[in-house]
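*Asks:* Numbering (UniProt numbering), first residue to last: 1 to 727.
Glycine included, every Cβ here is placed at the ideal spot set by N, Cα and C.
Note that the structure is predicted; figures quoted are calculated from it, not measured.
Next up is a structure, given as structure tokens.
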Amino acid sequence: MSGFQIRIDFATKHRYDTYMGGNLELMFGLDLSENELSGEIPVELGGLQVLQSLNLSHNNLSGVIPESFSVLKNVESLDLSFNRLQGRIPQELTELSSLAVFNVSYNNLSGVIPQGKQFNTFDTQSYLGNHLLCGKPTNRSCNGNNTGFQESDNEVKDDESRIDMVSLYWSLGAAYVTVLVGIFASLSFGYIFCCVNSIVIIVFYYSGFAPGIRNTVKVLCCSKYLDLAWLSYMAGLMTQRVIAAAGRVLRAIVQAEIRILNLSGIGFSQFNGFFDDVEGYKSLRKLRNLEILDLSSNQFNNRDNLLLDELKNLTNLELLDLSGNGYNGSMPEFTHLRKLKALDLSFNDFSELQELKNLTNLELLDLSGNGYNGSMPEFTHLRKLKALDLSFNAFSELQELKNLTNLEVLGLAWNYFWEPIPIEVQVPIEVICELKNLRELDLQGNNFVDNNFEGLFSLKPLANLTKLKVFKLSSTSDMVEVESESTWQPKFQLRVAELPFCSLEKIPNFFVSQKKLRVVDLSSNRLSGDIPTWLLENNPELKVLLLKNNSFTIFPISTIVHKLQVLDFSANDISGVLPDNIGHVLPNLAHMNGTDNREQSSHRSYSKLDTGLISSDYVTAIKQSLRSITGPIPVTLLENAKILDLRNNKLCGSIPEFVNTGDMRIFLLRGNSLTGSIPVKLCDLSSIGLLDLSDNKLNGIIPSCLYNLSFGRREEERMSGSGGYGF
């Protein structure tokens, strides 16, 4: 078990089932929907014989439905919709006597729909979008060889009427107008760009495309909005009729007062179908009032340069997103887009930067991930720029930054990333120090080897950046060591301080003056001695403390109760007894990792934790293993833990009595030296999903009441008894 796990709920037969992790053969709910999975469905899934719910919908799966699914005797819900599955529906599936929910809609299935038993209860909604399926419950009659069908006139007319309903729903859009309050569009670094127009969203819903489209419509500000990005969920599944219908919508409103258009993630192969056959991309010119255009993640790869040429006519654009499209060569000409406030060109492959000096209203510019090599473009005239991301490039100098006095967010991470041989990156510290409004500064992953950065690197020049809240620094070179002994006093109060791979032998002194830290990462340095619990005492709002891959030897525990949610002190040299009061002092821990201690190791690869995933519901997960902990199990650990993994340590003594038996989901004690009998109190673990007491020195009889443990079933029954959770 690695990382920290959460409960997963699956809907089957009007109730929720729960899976908490562990052996897949014991799992009774598997949901992999709405990913980008491709290839054939593994026949091995048929081996999960206790599976009750299987959802593979909204992927790019191909091939046939495995006959091995007929072995899933306990399955109650099977959803394979919105894929590219072909062939017949196996007749063997009629033997699934527990099947209550079956959905294979919007695939390329053919042949006769099986009949008998549970299949007699499924209606046409289960088979929509498979025009080669025939037989009941559809109106299509099968021919003699059961491989084709004859579509009735009513079915044809009904299908055509559904396509035409797009225009109808658009014209009746007022019925779906929703007035919402509060909205934002968030781009890189969390910078918020939001317009101030009245917030009215037109949502058109056409059930013939995809049930649940309403759930995929993004909420944005401004008065008129069309989102066709939901079509990306149907990549590879859309027939030409569906594409034509969607295009008809776009062409129908092209002269309207539309302000926002989202065409992200649709893909090049489907993209052209949205535009007029005669005018093509020139029809975009009619969107005279368009303010926000999202064309990201379509992988045009220079196949649609005509589209880029037409963008210059959208003179009212304020936000343009072209990220993730694989464009290369020269950057498009944007000189006419004088109202542009946010421009995202990240993760393309533009080799030449055009002049941006006419974009004087630009507030956000993202050029990250393009592999630029050489001089930086001139930013002198971009006086309103507040957020600039130049990460994952290879700029040789950054002098052009000095005039960006309004800059609040600056990303310079990994600026030799694209070259096989590291390029010397000159980052004059005095240039950055002049940016008095800077709130976020990211210098991670650079190879600082010029006169300013080689050897001892001091943060003192940054002391006067009073607004600095987020600072990230790491180096790929052992030549850089961040100064730690200096007594300078910073004028900033950081919220995030990340300094992994900085060759630190001591925590920098400026940390002592920090009182508002929420995330601290000091991983993969040369720190030793005591775990710095004083950071907790000084920063009551600290949520994440990452100390992995150092040489700490002692874990003193504070007496002050703290809100810390994530603690990682793995790969250090800590041994001995886990502090007995750790559960009282750190009651909100969502993840604690102390594995691989007492094992001297070289610096390992740094894997950054996504702190945005930390739940406010505090699903407590404690992980301590690999021979690091001795002594008895602290009783306080059992008071709040829902997931407790203490495998492969040197714990001794007896298993403590539980205080809060209703919350524990996973309890793993294998591979210790625990003695005594198995407590009868374990029988009260009403929510337990996994229990492992193996490879210890326990004795006595096995309590007979253990056979009554539900291992997830009791939670299922409790949920199914609540009308609020059912479908």
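1. To the nearest angstrom, how far is it from the Cα of Q514 to the Cα of Q489?
2. Starting from I432 and walking both ways along the alpha helix (DSSP H), at which residues does that stretch end?
3. Report yes if the C-beta distance between G689 and I666 is below 7 angstroms; otherwise report no.
4. May I ask which residues mark the beginning and end of the beta strand (DSSP E) holding L75?
5. Closest to K548 by CA distance: which of S524, G46, E378 and A394 is it?
6. Please give me, in chain order, every unbroken run of the beta strand (DSSP E) with length at least 3 that falls completely inside the segment 458-537.
7. So who's on the other strand from K697, going by DSSP bridges?
8. Is T94 helix, strand or coil by DSSP?
9. Between which two residues does the beta strand (DSSP E) harbouring D294 extend?
10. If you count every other CB in all the chains shown that lies within 10 Å of the CB of L546, and 16 or more means buried, which is it?
11. State buried or exposed for D530, treating a residue as buried only when at least 16 other CB atoms are found within 10 Å of its CB.
12. Compute the beta-carbon to beta-carbon distance between R88 and L61, rounded to the nearest angstrom, for a pair I have assumed lies under 8 angstroms.
13. Should the segment 666-682 be regarded as contacting the segment 699-707, the criterion being three or more beta carbon pairs within less than 8 angstroms?
14. Taking DSSP as the reference, what is the three-state secondary structure of L706?
15. In angstroms, rounded to a whole number, what distance separates the CA positions of residue 728 and L438?
16. Cutting at 6 angstroms between CB atoms, please list the residues of its own chain near P500, excluding the five before and the five after it.
17. Using CA coordinates, which residue listed in N305, G324, L343 and G326 is at the minimum distance from E318?
18. Between the C-alpha atoms of L693 and D123, what's the straight-line distance to the nearest angstrom?
19. Do N348 and Y327 have their beta-carbon atoms positioned less than 7 angstroms apart in this structure?
20. Opposite D389 in the DSSP bridges: which residues?
21. Any Cβ of chain B within less than 7 angstroms of the Cβ of K548?
22. Work out the CA separation of G324 and V112 for me, nearest whole Å.
23. Based on Cα-Cα distance, which residue from E67, N59 and L37 lies nearest to L45?
24. Once DSSP output is grouped into helix, strand and coil, what is the label at I582?
25. Could you check whether S558 and N593 sit closer than 7 angstroms to each other, using their CB atoms as the reference points?
26. Which runs of the alpha helix (DSSP H) fall wholly inside the segment 103-136 and span at least 4 residues, in chain order?
27. In whole angstroms, give me the CA-to-CA distance for L401 and L48.
28. On the three-state DSSP scale, how would you describe V43?
29. Alpha helix (DSSP H) containing N446: first to last residue?
30. Measuring only the C-alpha atoms, how far is F511 from V566?
31. Output needed for K357: all residues of its chain with C-beta closer than 8 angstroms, excluding positions within five of it in sequence on either side, in chain order.
32. Quick one: is D321 buried, meaning 16 or more other Cβ sit within 10 Å of its Cβ, or exposed?
33. For the beta strand (DSSP E) containing E352, name the first residue and the last one.
34. If you drop the 5 nearest sequence neighbours on each side, which residues of the same chain put their C-beta closer than 7 angstroms to that of T533?
35. Assign E440 to buried or exposed, taking buried as 16 or more other Cβ atoms, counted over all protein chains shown, within 10 Å of its Cβ.
*Replies:* In short:
1. Near 10 angstroms, if we compare the C-alpha coordinates of Q489 and Q514.
2. Run containing I432: I429 to C433, per the alpha helix (DSSP H) assignment.
3. Going by C-beta atoms, G689 is nearer than 7 angstroms to I666.
4. With the sequence shown as reference, residue 75 is identified as Val, and Leu is not the correct amino acid for it. Careful: V75 lies outside any beta strand (DSSP E) and carries neither H nor E.
5. S524
6. 470-475, 480-482, 496-498, 519-521 and 528-530
7. T675
8. helix
9. From DSSP, the beta strand (DSSP E) with D294 extends over I292 to D294.
10. buried
11. Burial call: exposed.
12. About 16 angstroms separates the two Cβ atoms, so there is no contact after all.
13. yes
14. helix
15. Because the chain spans 1 through 727 in this model, residue 728 falls outside it and cannot be assessed.
16. S474, D521, S523, S524 and Y606
17. L343
18. 48 angstroms
19. yes
20. D366 and G411
21. Included in the structure is just one protein chain, with no chain B present.
22. 42 angstroms
23. E67
24. helix
25. no
26. Whole alpha helix (DSSP H) segments, 4+ residues: zero.
27. 58 angstroms
28. helix
29. Unbroken run through N446 is the beta strand (DSSP E), E440 to N446; no alpha helix (DSSP H).
30. Computed Cα separation, rounded: 19 angstroms.
31. The answer, listed in chain order, is E378, T380, H381 and L382.
32. With 16 or more neighbouring CB atoms inside 10 Å of its own CB, D321 falls in the buried class.
33. D349 to E352
34. P556, I557 and S558
35. buried
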